[in-house]
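Asks: Okay, here's the structure, questions in a sec.
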Amino acid sequence: ILLFICPSSGLLMKHPNGKWNDYPQGYYLTFYCIKLSVVKINMSWEEALEHCKTEHGLTWDKPVLASHDKEEVNLVWIGLRFLGDQWQWVSGAPLESDTLDQCPVHNRCATLNSQGLYETRDCKEELYFICE
Numbered sequence: 001i002l003l004f005i006c007p008s009s010g011l012l013m014k015h016p017n018g019k020w021n022d023y024p025q026g027y028y029l030t031f032y033c034i035k036l037s038v039v040k041i042n043m044s045w046e047e048a049l050e051h052c053k054t055e056h057g058l059t060w061d062k063p064v065l066a067s068h069d070k071e072e073v074n075l076v077w078i079g080l081r082f083l084g085d086q087w088q089w090v091s092g093a094p095l096e097s098d099t100l101d102q103c104p105v106h107n108r109c110a111t112l113n114s115q116g117l118y119e120t121r122d123c124k125e126e127l128y129f130i131c132e
């Protein structure tokens, strides 16, 4: 499956191998776009979830990576946390990857870093976040 994010400057495409490629404006493929916004307010993971539900509809819970402004934002909360015995999106869908610690004691919420990789953090830490 190929996944796409469509920033105004062109297209980002995630290949099944996990790598992202940039394509310029005018590059045509059959795909869909989702609008994501980085909310530049520092909040805990739970506060960010509530803010997204109230102000933007939903916390971003798609099991894909996002393009965010790497110049301004290093880490952003995404709608992913460890519940029960697995990492899952706020939609309830499990994370289809084993890149995160499978039994975290403390860092039970996930961020996206400027390299497009997931990182675990303490859910009480205050960071910017992505809403859909």
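Residue numbers for the sequence shown follow the UniProt record's numbering, so the first one is 1 and each next one is one higher. Yeah, the Cβ is synthetic: ideal placement off N, Cα and C, and Gly gets one too.
Who are the near neighbours of lysine 40 in its chain, counting only those whose CB is closer than 7 Å to its CB and skipping five residues on each side?
Replies: By one-based count along the sequence shown, residue 40 stands at place 40. Result list for lysine 40: Tyr128, in chain order.
Asks: Within its chain, find whatever has a CB closer than 7 Å to the CB of aspartate 101; leave out the 5 residues flanking it on each side and keep chain order.
Replies: To locate residue 101, count along the sequence shown from 1; it is residue 101. Cβ within range, chain order: Thr120.
Asks: Which residues in the same chain have their Cβ closer than 6 Å to the Cβ of phenylalanine 82, if we skip the five residues on either side of it in sequence?
Replies: Taking the first residue of the sequence shown as position 1, residue 82 is located at position 82. Closer than 6 Å at Cβ, skipping near neighbours: Pro104 and Arg108.
Asks: If you reduce the DSSP assignment to three classes, tell me which class lysine 53 lands in.
Replies: Taking the first residue of the sequence shown as position 1, residue 53 is located at position 53. DSSP places lysine 53 in helix when its eight states are reduced to three.
Asks: What does a CB cutoff of less than 6 Å around glutamine 86 pick up in its chain, not counting 5 residues either side in sequence?
Replies: As a first step, residue 86 must be located in the sequence shown, where it is residue number 86. Same-chain partners within the cutoff: Pro94.
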